[in-house]
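Structure first, then comments.
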């Protein structure tokens with residue numbers, strides 16, 4: 002039996018990146034088609050799915066009204082022509098999926114969580130850095146435009162921490178693309194040092210004295226840990242926002258994702 006390779010495409014991420022460079026719809030359609038064919042060649046999937054944003058307010062916006070407050074709405078010509086892009090994906094043998102009130106991120110994370118135990122490899126095609134929290138021995142994130150596979154080594158080189166620490170890292174430093182501020186006074190360098198010293202936010206707050214020989218002479222670290230202890234409501238909120246849901250009920254299975262024969 003042929004090993005299953007699953008390709009999950011962050012649909013609007015791909016479309017909007019292309020449209021930003023070429024806002025003519027006809028040209029955008031052609032460029033997306035070219036990108037799609039290249040993605041299929043690169044990943045050689047047996048199964049694939051394009052995931053789009055769900056309609057209606059999502060849970061993050063309800064939890065934190067400022068979520069993505071700095072993001073411009075999708076251009077109207079793009080919205081009006083979205084069905085043409087969906088048809089384009091279908092012509093390449095790939096179904097599209099969206100779930101009302103859920104972002105594509107959570108749908109992709111939920112599919113990945115279930116599928117990684119059943120398949121040889123999952124490739125998430127997106128430039129969204131938050132998908133890096135899904136990386137494992139069987140999951141990679143593909144930056145189509147940089148022609149770069151993001152894996153555990155990429156995370157270590159880029160952030161100086163382990164994949165398992167990324168959620169805590171973004172909780173601390175925030176995520177400007179989604180208008181999540183993080184903890185004031187904690188930048189990337191400080192967050193990396195704290196996570197390398199204490200491993201997790203939980204240890205920083207609840208068990209700092211149990212970590213021997215770390216930060217003992219650092220008044221600045223002690224000050225920051227005191228700040229974190231007084232910012233636990235913020236930490237909880239930001240942690241929820243940057244963590245992708247992996248348990249969304251979708252009603253689809255691997256058979257639904259089999260790459261269709263294109264005549």
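In this note's numbering, the protein residues as written are 2 to 264. Cβ atoms here follow ideal geometry from the backbone N, Cα and C, with glycine treated the same way.
Practice task
Please look up how many angstroms separate the CB atoms of residue 151 and residue 133, rounded, as I've assumed it's under 8 Å.
Solution key: 6 Å
Task: Nearest-angstrom Cα separation, counted from residue 186 out to residue 106 - done: 28 Å
Q. Can you tell which of 23, 59, 194 has its C-alpha closest to the C-alpha of residue 79?
A. 23
Item checked: residue 259 - partner residues in DSSP beta bridges -> 48
Q) If you draw a straight line from the C-alpha of residue 77 to the C-alpha of residue 205, how long is it? A) 46 Å
Q: Might you give, ordered along the chain, the residues of its own chain that have their beta carbon closer than 7 Å to the beta carbon of residue 65, omitting 5 neighbours on each side?
A: 238, 242
Looking only at DSSP bridge pairs, what is residue 98 linked to?
52
Practice item. With DSSP collapsed to three states, give me the class of residue 23. Key: coil
Leaving out the 5 sequence neighbours to the left and right, which residues in its chain are closer than 7 Å to residue 117 when beta-carbon positions are compared? 123, 137, 139, 140
For the alpha helix (DSSP H) holding residue 169, just list the boundary residues, first then last.
167-174
Helix, strand or coil for residue 29 per DSSP? helix
Self-check item: residue 80: first and last residue of the uninterrupted beta strand (DSSP E) it sits in
Solution: Note, residue 80: premise wrong, no beta strand (DSSP E); alpha helix (DSSP H) at 77-81.
Q.
Taking its Cβ as the centre, do 16 or more other Cβ atoms sit within 10 Å of residue 182, making it buried, or is it exposed?
A. exposed
- Query: Looking only at DSSP bridge pairs, what is residue 178 linked to?
  - Reply: DSSP output for residue 178 lists no bridge partner at all.
Sequence-distant residues of its chain with Cβ nearer than 7 Å to residue 128 (five each side left out): 14, 18, 144, 146
Report task. Answer with buried or exposed for residue 179, where buried requires no fewer than 16 other C-beta atoms within 10 angstroms of its C-beta. Result -> buried
**Prompt:** Are the region 156-172 and the region 46-58 touching by the rule of at least three beta carbon pairs closer than 8 Å?
**Reply:** no
If you reduce the DSSP assignment to three classes, tell me which class residue 43 lands in.
helix
Simplified DSSP assignment, three categories, for residue 249:
coil
Alpha carbon to alpha carbon, how far is residue 25 from residue 149?
-> 27 Å
Under 8 Å by Cβ, that's how I've got residue 169 and residue 201 pegged, so tell me the actual separation to the nearest angstrom. 6 Å
**Message:** With the cut-off set at 8 Å, would you say residue 174 and residue 192 are in Cβ contact?
**Reply:** yes
Run of the beta strand (DSSP E) containing residue 124, from where it starts to where it stops: 122-126
I'd like to check one pair, residue 100 with residue 108: are the Cβ atoms closer than 8 Å? yes
Worksheet item: Can the beta-carbon of residue 244 be found closer than 8 Å to that of residue 47?
Response: no
Return helix, strand or coil for residue 11, following the three-state DSSP convention. strand
query = Ordered along the chain, which non-local residues of its own chain (more than five positions away) have a Cβ less than 8 Å from that of residue 3?
reply = 47
Practice item. Could you work out which residue in 69, 29, 121 is closest to residue 45 when comparing CA atoms only? Key: 121
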